[in-house]
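Peer 1: In order, the protein sequences belong to chains A and B. Here my numbering is used: the first residue of the first sequence is 158, the next is one more, and so on. Here my numbering is used: the first residue of the second sequence is 158, the next is one more, and so on.
There are 2 protein chains.
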Amino acid sequence: MAQNTLTPASTQEDTLKWVANEYYDLNGVHYDVLRDPPTPLEFLRLVRIARPVLMKHSEAPDAMSRWSNEYLTDRMGDSPISIAVTPNGRADAITVGRDGRQYFAEPHVEKMTMRAFLDKITAELCGMNAEDNGEVLYLQSQNGNLYTAQYFDLSAEAETSEYGPLREDVPCENLWCSDALDKSPDAVNLWIGNSASVTSIHSDPYENIYTVVRGAKHFTLFPPTEGWCLSERTYPHASYVRSQATGQLELVPSPPGTPGVRWSSVLDPTNSSALPAEVHPISITVRAGETLYLPAGWWHYVRQSEVTIAVNYWYDMESRGMAWVWLNFLRGLREPPPGNEEGSGRDPDHTFS
Amino acid sequence: MAQNTLTPASTQEDTLKWVANEYYDLNGVHYDVLRDPPTPLEFLRLVRIARPVLMKHSEAPDAMSRWSNEYLTDRMGDSPISIAVTPNGRADAITVGRDGRQYFAEPHVEKMTMRAFLDKITAELCGMNAEDNGEVLYLQSQNGNLYTAQYFDLSAEAETSEYGPLREDVPCENLWCSDALDKSPDAVNLWIGNSASVTSIHSDPYENIYTVVRGAKHFTLFPPTEGWCLSERTYPHASYVRSQATGQLELVPSPPGTPGVRWSSVLDPTNSSALPAEVHPISITVRAGETLYLPAGWWHYVRQSEVTIAVNYWYDMESRGMAWVWLNFLRGLREPPPGNEEGSGRDPDHTFS
Chain A
158 MAQNTLTPAS
168 TQEDTLKWVA
178 NEYYDLNGVH
188 YDVLRDPPTP
198 LEFLRLVRIA
208 RPVLMKHSEA
218 PDAMSRWSNE
228 YLTDRMGDSP
238 ISIAVTPNGR
248 ADAITVGRDG
258 RQYFAEPHVE
268 KMTMRAFLDK
278 ITAELCGMNA
288 EDNGEVLYLQ
298 SQNGNLYTAQ
308 YFDLSAEAET
318 SEYGPLREDV
328 PCENLWCSDA
338 LDKSPDAVNL
348 WIGNSASVTS
358 IHSDPYENIY
368 TVVRGAKHFT
378 LFPPTEGWCL
388 SERTYPHASY
398 VRSQATGQLE
408 LVPSPPGTPG
418 VRWSSVLDPT
428 NSSALPAEVH
438 PISITVRAGE
448 TLYLPAGWWH
458 YVRQSEVTIA
468 VNYWYDMESR
478 GMAWVWLNFL
488 RGLREPPPGN
498 EEGSGRDPDH
508 TFS
Chain B
158 MAQNTLTPAS
168 TQEDTLKWVA
178 NEYYDLNGVH
188 YDVLRDPPTP
198 LEFLRLVRIA
208 RPVLMKHSEA
218 PDAMSRWSNE
228 YLTDRMGDSP
238 ISIAVTPNGR
248 ADAITVGRDG
258 RQYFAEPHVE
268 KMTMRAFLDK
278 ITAELCGMNA
288 EDNGEVLYLQ
298 SQNGNLYTAQ
308 YFDLSAEAET
318 SEYGPLREDV
328 PCENLWCSDA
338 LDKSPDAVNL
348 WIGNSASVTS
358 IHSDPYENIY
368 TVVRGAKHFT
378 LFPPTEGWCL
388 SERTYPHASY
398 VRSQATGQLE
408 LVPSPPGTPG
418 VRWSSVLDPT
428 NSSALPAEVH
438 PISITVRAGE
448 TLYLPAGWWH
458 YVRQSEVTIA
468 VNYWYDMESR
478 GMAWVWLNFL
488 RGLREPPPGN
498 EEGSGRDPDH
508 TFS
């Protein structure tokens, strides 16, 4: 149990619990809600505190409010776009393979037109996707699919984007954030999916400005101090591959020697029975026109309603000072144990069945 | 020794060393030097990193550059001011009492005129203070002697200052700092002393803007992560009292039940043999017209050249977010042991002789 005072005999887990408890005592589950755009100075004050902020003002310019299926289809034409495909809507998540072992599963990526993609994710919602064998599609390439850091590097060659025709609708940076942090984004990403896709819980070393354009995103958040509750393990890597024989997706383990992936063993952090009592999740729904500031290192699990479109801006976190050390401290007290040993995951039978 | 990877078997000291080592690897002993006043946004970026900053531009308004002994004497007239008096120039420092025990010693405070005070600290420098039995005077009341938080509280009664006649020369706040932090100072202090006074190493939970008006201050700084190197102990409290019988200052232990004072047992952190090898002090000299930003929680030991005058602005540190938790973590892993047990202080024979 957490202690009020640490002693030389305290264990590493005692220390992490002490830090998490002190942090919760000071901050609770509070997050700020803004009605107007912040100035760079106001925003930097919030970044310094590093708590989530829900911004109710519309950050998306008018051009993005026009992003109907028809508009997107018309703008993108026959250009192929890269879409993640999984049998279960869980790309980049812990999944049981045919051998009964748990893997960190990367999605299969297929090229298709925007029209085909939007038709499928809209049809899925209506239960009309039987012809796809229940496969779930998600535009989540998250490699700076709208703008990469190279875009801002005037000395580099011009980069291209699969979504070039949409660029004129999307500002290449968030001005109050860029001015506050004194840098341009490292990546700007377009996300389109439906309620069948879930983003498993993880944290990123980026300041994240996340604007919902259509639909709604449901975030379940945990501060960096509660990472210890999320039971990271090291899982073997695997990828979905479409079998040429059957046409079905199969989870194929990566070759021996592929580095393992450190990932939370908590599959559904909205299920409180999967978590220790000391955890304090924060639920925030971000609706069309709203923006979430998600500080670097915060753990997030994300679901979405219907067809949801979002654009996010990742900014490199500040590496000077203490922030990087603390995030490493909170995650890196020890190498996580392997994910396929008895008791290594929380209720795997339930969650993987 | 510090470890690259912590394990469940790591001790608390291992953990602190790991954090200190990671922090040093990332930040070294770097500090920024500014030639021009920062904007509030530029300053807040520096506050966020929480490293010292030396500002070479003159922050003191012209009025303060006129602060000769004659000017100060003329402005202050016969008003009594509170001056700390010690036999050794070590107010608020660990000192051996007549019983051979170590105490945290508060200075005797005497009232005198600015003229008498300045005459004495100027004469001390010339070896002309034999008539004072070698006593050392320091204007260091540090209770918001120029402006207190009450000054900024429009609903409170007007407060008074011993240095009221000097207020018109001293801005009540530092505008770029107040705007950056979105608050007014908690205290603004005048400091006047000479090279006979030394400030023992300690840290404050305040953001500190320290402007030197005359002379020079020599800071020896340690980041909050290296607090473990400074070997805090809990010392009994004592105060200097002037004996009515002899007229001499005597160190009088406070009554039983007076809380002990947590203080570093390192008396001279510029003496590297008094410190473990893992420590990385930063030396910064702040000269007339220059300003030091000293982030909350940084350990500082301060000496001065000749007669030195300074004004500092203390701002409450940000209590939301992680900063407060981390400072407590770095200092509060355990209650420090008593300061009068064998091996409790570093080389006490040398340093107290």
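Where a beta carbon is used, it is the ideal one built from N, C-alpha and C, also for glycine.
Considering only residues of the stretch 289–358 of chain A, which uninterrupted alpha helix (DSSP H) runs meet the minimum length of 4 residues and lie entirely inside it, listed in chain order?
Peer 2: If we require 4 residues or more, the alpha helix (DSSP H) runs fully inside the stretch 289–358 of chain A come out as 306–309, 321–324, 332–338.
Peer 1: Please confirm whether Phe486 (chain A) has its beta-carbon closer than 8 Å to some beta-carbon of chain B.
Peer 2: Output row for Phe486 (chain A): interface = yes.
Peer 1: Tell me whether Gln259 (chain A) is buried or exposed, calling it buried when 16 or more other Cβ atoms sit within 10 Å of its Cβ.
Peer 2: Buried, since its Cβ has 16 or more Cβ neighbours within 10 Å.
Peer 1: Report yes if the C-beta distance between Tyr367 (chain A) and Pro342 (chain A) is below 8 Å; otherwise report no.
Peer 2: Not in contact: Tyr367 (chain A) and Pro342 (chain A) (Cβ atoms no closer than 8 Å).
Peer 1: How many Å lie between Glu407 (chain B) and Ser318 (chain B) at the Cα?
Peer 2: Cα to Cα, the separation comes out at about 29 Å.
Peer 1: Compare the C-beta of Gly478 (chain A) against all C-beta atoms of chain B and say whether one is closer than 8 Å.
Peer 2: Cβ-Cβ to chain B under 8 Å: yes for Gly478 (chain A).
Peer 1: For the beta strand (DSSP E) holding Arg444 (chain A), just list the boundary residues, first then last.
Peer 2: Element bounds for Arg444 (chain A): 439–444.
Peer 1: When we look at the beta-carbon of Ala166 (chain A) and count the other beta-carbons within 10 Å, is it buried (16 or more) or exposed?
Peer 2: That one is exposed.
Peer 1: Any idea which residues DSSP pairs Leu514 (chain A) with across the strands?
Peer 2: No answer is possible for residue 514 (chain A): the residues shown for chain A start at 158 and end at 510.
Peer 1: With respect to the beta strand (DSSP E) encompassing Ser462 (chain A), which residues constitute its N-terminal and C-terminal limits?
Peer 2: From DSSP, the beta strand (DSSP E) with Ser462 (chain A) extends over 456–473.
Peer 1: Of all the CB atoms in chain A, is at least one closer than 8 Å to the CB of Ala287 (chain B)?
Peer 2: In this predicted model, Ala287 (chain B) has a pLDDT of only 47, less than 50, meaning its place in the structure is not dependable; the value taken from the coordinates is given anyway. Chain A, which has no Cβ nearer than 8 Å to the Cβ of Ala287 (chain B), makes this no.
Peer 1: So, does the CB of Asn245 (chain A) fall closer than 8 Å to a CB anywhere in chain B?
Peer 2: No - not a single Cβ of chain B is within 8 Å of the one on Asn245 (chain A).
Peer 1: Does any residue of chain B bring its CB to less than 8 Å from the CB of Ala159 (chain A)?
Peer 2: A caution first: Ala159 (chain A) carries a pLDDT of 42, below 50, which makes its placement in the model unreliable, though a value can still be read off. Closer than 8 Å: no.
Peer 1: Show which residues of chain A have a CB atom less than 8 Å away from the CB atom of Asn184 (chain B).
Peer 2: Within 8 Å Cβ-Cβ: Arg477, Gly478.
Peer 1: Around the Cβ of Ala453 (chain B), are there at least 16 other Cβ atoms within 10 angstroms (buried) or fewer (exposed)?
Peer 2: So Ala453 (chain B) counts as buried.
Peer 1: Does any residue of chain A bring its CB to less than 8 Å from the CB of Ile466 (chain B)?
Peer 2: Not an interface residue.
Peer 1: Rounded C-beta distance between Thr465 (chain A) and Arg371 (chain A)? I'm assuming under 8 Å.
Peer 2: Yes, Thr465 (chain A) and Arg371 (chain A) are in contact; Cβ-Cβ is about 6 Å, under 8 Å.
Peer 1: Using the beta-carbon of each residue, which ones in chain B are nearer than 8 Å to Pro157 (chain A)?
Peer 2: What the structure shows of chain A is the stretch from 158 to 510, and residue 157 (chain A) is not part of that stretch, so it cannot be assessed.
Peer 1: Just by C-beta distance, which residues in the stretch 207–220 of chain B are closer than 9 Å to chain A?
Peer 2: The stretch 207–220 of chain B vs chain A, Cβ under 9 Å: Ala207, Arg208.
Peer 1: To the nearest angstrom, how far is it from the Cα of Pro237 (chain B) to the Cα of Lys277 (chain B)?
Peer 2: If you take the alpha carbons of Pro237 (chain B) and Lys277 (chain B), they lie about 15 Å apart.
Peer 1: What's the gap between the Cα of Pro244 (chain A) and the Cα of Gly291 (chain A)?
Peer 2: One C-alpha to the other measures close to 6 Å.
Peer 1: Rounding to the nearest angstrom, what Cα-Cα distance links Gly502 (chain A) and Arg208 (chain A) in this structure?
Peer 2: In this prediction, Gly502 (chain A) scores a pLDDT of 45, lower than 50, which makes its location untrustworthy; the coordinate-derived value is nonetheless stated afterwards. Looking at the two C-alpha atoms, the distance is approximately 28 Å.
Peer 1: The ligand GTP and Arg399 (chain A): does any heavy atom of the ligand fall closer than 7 Å to the residue's C-beta?
Peer 2: Of the ligands one can find in the structure shown there are none, so the ligand GTP has no counterpart to examine.
Peer 1: Please list the terminal residues of the continuous alpha helix (DSSP H) segment that includes Tyr181 (chain B).
Peer 2: Per DSSP, Tyr181 (chain B) belongs to the alpha helix (DSSP H) from 169–184.
Peer 1: At which residues does the beta strand (DSSP E) containing Glu447 (chain B) begin and terminate?
Peer 2: Taken as a continuous stretch (DSSP letters only), Glu447 (chain B) belongs to no beta strand (DSSP E), as it is neither H nor E.
Peer 1: On the premise that Ser352 (chain A) lies in contact with Arg460 (chain A), defined as a C-beta separation below 8 Å, what is that separation, rounded to the nearest angstrom?
Peer 2: Going by Cβ atoms, the distance from Arg460 (chain A) to Ser352 (chain A) rounds to 7 Å, so yes, they are a contact pair.
Peer 1: For Val423 (chain B) versus Ala434 (chain B), is the C-beta distance shorter than 8 Å?
Peer 2: No, the pair does not count as a contact, with Cβ atoms beyond the cut-off.
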